[in-house]
Amino acid sequence: MTMKLPLFSLPHRWLFSVLLFCLSPITSAYCSASGNGLLNFTPLINIGRDLPIGTILASAKISTAVTCDSHGFVGLDASWRAYPSKNNVDYGASSVTNVRNTTTPGIGIRWDNLSSATGSTAIWTQYPLNNIPLGVGRGLPTPPSPPATMTTTFTDTIYLVKTGPISSGTISPIALLTDYEGSISYAKQGLLYSLSTPTAPSFQVNTCTVSSSALNVTLPAIYNNAMPSPGDIAGNTPFNIPVNCPQTTKLYITFTDSNNPGQTGNMLSLQSGATASGLALQIKQNGQAVSFGPDSNVLGNTNQLLIGNTTGSILLPFSVNYIRTANGPLIAGKLTALASFTFSYQ
């Protein structure tokens, strides 16, 4: 008895398996990244309450090596291009140029990407992180024929930037994704690498306290002949401002003439009701007359004085004295004057 076999049955099975084997490399990954992707910020970041908008509060830097070959090129593709993924979450532009908002009020992020291939830096956060314009990205040099490969190193720096008032607390976790595509075809290849915070950093907003809200300084009585000419001084009296700063804080102070808040000279005007005339008061720091400025904690405020880095409880030493003015004769009597002071925590 003769058994008939289907014609070409075995060769067909063999040919099919060969085709599968030949096609499989074309669907493999064409670029691969090496690196742990972890953004390691300082766990606790101390910041001054009054730091200017736009101040960089902290940064984390990480390098990722990306190795590519030309498998998978479509049409005229001659290289790959990396760009922030459309799967990123974007919270909108902040008030600071090139900085995106986060879910933490007052804190934004800036994402810089340095490429070893070009030596240039791209600022990804100038765009919505989930909607980078078509064709914008970082080229990945690629040899024309596999299995040859080329490696590019991307150095990503993530900055935490002050965008508004900040309260002490923990910033929300950060996750940033980078995809890649064909340089001409825009054929999407999916995720290339990701960056994330293993431990979200915490912020401690530094301020100081003054143990007394009102400081009364009494000057001695003097005679007219103690200040015969304009510019003469008398009755120098020391006083201290008691301050407590739990964390090290860069401290500034501005004195304001409460009777004339807009004045920027160094003579404190007298309160209404004074019976003495022809004189004013002067506040001094280390023997130098203090000029007055607006009641503001903004860094760089007019006539703002630097106290320096301050930690714990200290006494800030000042003094006050009479000064003869050029406004008419010196007339004896009583006087009061009022000044306020404003701290700026940087």
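Mind the numbering: the sequence shown is residues 7 to 352 in our numbering, read in order. Here a beta-carbon is modelled for each residue, glycine too, at the ideal position from N, C-alpha and C. Since the structure is predicted, the reported quantities are computational estimates derived from the model, not experimental observations.
- Nearest to G188 by alpha-carbon distance, out of L322, G334, S151 and A84, is A84.
- L287 places its beta carbon less than 8 Å from that of V326.
- Within the model, the alpha-carbon separation for L225 versus G241 is close to 6 Å.
- By alpha-carbon distance to N309, the top candidate from R330, T316 and D301 is D301.
- Beta-bridge annotation (DSSP): K194 is paired with E187.
- The shortest C-alpha to C-alpha distance from R144 to any of D118, P267, V296 and P111 is the one to D118.
- For the pair T61 and C214, the CB atoms are not nearer than the 8 Å cut-off.
- Boundaries cannot be given for C214, as no beta strand (DSSP E) includes it and DSSP labels it neither H nor E.
- Here I259 is buried. Its C-beta has 16 or more other C-beta atoms within 10 Å.
- Using a 10 angstroms sphere on the CB of D238, the tally of other CB atoms stays under 16, which defines it as exposed.
- When secondary structure is reduced to three states using DSSP, Q132 falls in the helix class.
- The C-beta distance from P147 to A123 rounds to 5 Å, short enough to meet the 8 Å contact threshold.
- Between Y165 and T254, the alpha-carbon positions lie close to 22 Å from each other.
- Considering only T70, L50, C74 and A71, the residue with the shortest C-alpha distance to L63 is L50.
- DSSP assignment within the region 291-337 yields the following whole beta strand (DSSP E) runs of 3 residues or more, N-terminal first: 311-330.
- S235 counts as exposed, since fewer than 16 other C-beta atoms from the protein chains shown sit within 10 angstroms of its C-beta.
- By the criterion of a C-beta distance shorter than 7 Å, T203 is surrounded in its chain by L45, F47, P179 and I180, once the five residues flanking it on both sides are discounted.
- A contact is defined here as three or more CB-CB pairs under 8 Å, and the region 327-339 meets this definition with respect to the region 281-298.
- In the structure shown, the three-state DSSP call for N266 is coil.
- Cβ neighbours of T205 within its own chain (closer than 7 Å, five residues either side excluded): P49.
- Cβ neighbours of S91 within its own chain (closer than 7 Å, five residues either side excluded): L183, T184, D185 and L197.
- Rounded to whole angstroms, the Cβ separation of P248 and S217 is 4 Å, and the two are in contact under 8 Å.
- In this structure A154 does not touch V80 by the C-beta definition: roughly 19 Å separates them, more than the 8 Å allowed.
- With contacts defined as CB atoms closer than 8 Å, Q291 and L311 qualify as a contacting pair.
- In terms of Cα proximity to V211, the closest of I172, T176 and I177 is I172.
- Under the DSSP definition of a beta bridge, Q288 partners with N327.
- In its chain, beyond the 5 residues on either side, D75, S76 and H77 have a beta carbon closer than 7 Å to the beta carbon of P152.
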